[in-house]
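Chemist: Counting in full-length UniProt numbering, the sequence shown runs from 1 upward without gaps.
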Amino acid sequence: MKTRKIELNDIKNLSELFNDYRIFYEMESDLEGSEKFLLERIKNKESEIFVAENPENNLIGFVQMYPIFSSTRMKRLWLLNDLFIVENHRGLGISVLLINKAKELCIETNSCGIVLETAKSNDVGNKLYPKAGFSMDLDHNYYSWNNK
Numbered sequence: 001m002k003t004r005k006i007e008l009n010d011i012k013n014l015s016e017l018f019n020d021y022r023i024f025y026e027m028e029s030d031l032e033g034s035e036k037f038l039l040e041r042i043k044n045k046e047s048e049i050f051v052a053e054n055p056e057n058n059l060i061g062f063v064q065m066y067p068i069f070s071s072t073r074m075k076r077l078w079l080l081n082d083l084f085i086v087e088n089h090r091g092l093g094i095s096v097l098l099i100n101k102a103k104e105l106c107i108e109t110n111s112c113g114i115v116l117e118t119a120k121s122n123d124v125g126n127k128l129y130p131k132a133g134f135s136m137d138l139d140h141n142y143y144s145w146n147n148k
């Protein structure tokens with residue numbers, strides 16, 4: 001298994017994975033929108049995306065990180081926003097490989113850490129993240145506001 005930073009010529013294949021990711025989270029399929037969204041993130045340098053490839057060089061997973069900042073620590077902080085592995089490749093440790101790429105990015109950019117959120121009902125994620133070295137924040141409340 002190989003992990004690497006995304007390249008522009010991967011966008012078509014990545015868009016299909018990203019579309020499947022959105023469908024997994026019960027969003028409407030939108031392959032064209034997925035491609036446009038990802039291209040904008042890459043061209044505007046608004047996210048970092050790493051992919052996993054199988055031995056046949058097919059993309060089988062990705063992680064997308066967004067930079068945010070911690071004012072109190074006066075450093076960059078990364079938001080691990082998206083992590084997805086194709087269904088028939090799950091349970092093989094690919095998520096951990098991609099999370100390790102995210103950690104490498106954090107170290108290389110002298111950032112203070114990585115944050116993420118997952119649903120309480122996400123049994124797989126809630127087992128994965130502690131195994132990958134993440135700890136649950138029990139000291140803070142998480143709030144959201146949605147402009148729908």
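The C-beta atom is built at its ideal place from N, Cα and C for all residues, glycine as well.
Please name the residue or residues paired with Trp78 in a DSSP beta bridge.
Modeler: Taking the first residue of the sequence shown as 1, we reach residue 78 at position 78. The partner list for Trp78 (beta bridge, DSSP) reads Pro67 and Ile114.
Chemist: Over what stretch of residues does the alpha helix (DSSP H) that includes Lys148 continue unbroken?
Modeler: Within the sequence shown, the letter at position 148 stands for residue 148. No alpha helix (DSSP H) holds Lys148; DSSP gives it neither H nor E.
Chemist: At what residues does the beta strand (DSSP E) containing Lys36 begin and finish?
Modeler: Position 36 of the sequence shown holds residue 36. Where Lys36 is concerned, there is no enclosing beta strand (DSSP E), although the alpha helix (DSSP H) it sits in stretches over Leu31 to Lys43.
Chemist: Tell me which residue opens and which closes the alpha helix (DSSP H) that Ile11 is part of.
Modeler: As a working mapping, residue 11 is identified with position 11 in the sequence shown. Segment Ile11 to Phe24, the alpha helix (DSSP H) holding Ile11.
Chemist: Pairing CB atoms from the region 90 to 106 with CB atoms from the region 32 to 46, are three or more of them under 8 Å?
Modeler: Result no; under three Cβ-Cβ pairs closer than 8 Å.
Chemist: Distance, Cα to Cα, Pro103 vs Asn147?
Modeler: Translated into the one-based positions of the sequence shown, residue 103 becomes position 103. Translated into the one-based positions of the sequence shown, residue 147 becomes position 147. Sequence check: residue 103 is Lys here, not Pro. Lys103 and Asn147 have their alpha carbons spaced roughly 31 Å apart.
Chemist: Mind the definition here: the region 67 to 76 touches the region 7 to 27 only if three or more C-beta pairs lie below 8 Å; say whether that holds.
Modeler: no
Chemist: So, are the CB atoms of Phe37 and Ile6 less than 8 Å apart?
Modeler: Start at 1 with the first residue of the sequence shown, and residue 37 comes out as number 37. Start at 1 with the first residue of the sequence shown, and residue 6 comes out as number 6. No. Outside cutoff.
Chemist: Give the secondary structure of Ile6 by DSSP, where H, G and I count as helix, E and B as strand, and everything else as coil.
Modeler: Working through the sequence shown from its first residue, we reach residue 6 at position 6. Ile6 sits in coil when the DSSP states are folded into three classes, being neither helix nor strand.
Chemist: From Gly133, Gly125, Arg4 and Ile107, pick the residue whose C-alpha is nearest to that of Ala52; which is it?
Modeler: Looking up residue 52 in the sequence shown gives position 52. Selected option, being the one with the closest Cα: Arg4.
Chemist: When DSSP builds the beta bridges, which residues end up paired with Ile85?
Modeler: As a first step, residue 85 must be located in the sequence shown, where it is residue number 85. Looking at the DSSP assignment, Ile85 forms a beta bridge with Gly61.
Chemist: Note down, in chain order, each residue of its chain lying with its Cβ closer than 8 Å to the Cβ of Ile11, except the 5 sequence neighbours on either side.
Modeler: Taking the sequence shown and counting its residues from 1, the one referred to as residue 11 is at position 11. Glu35, Leu38, Leu39 and Ile42.
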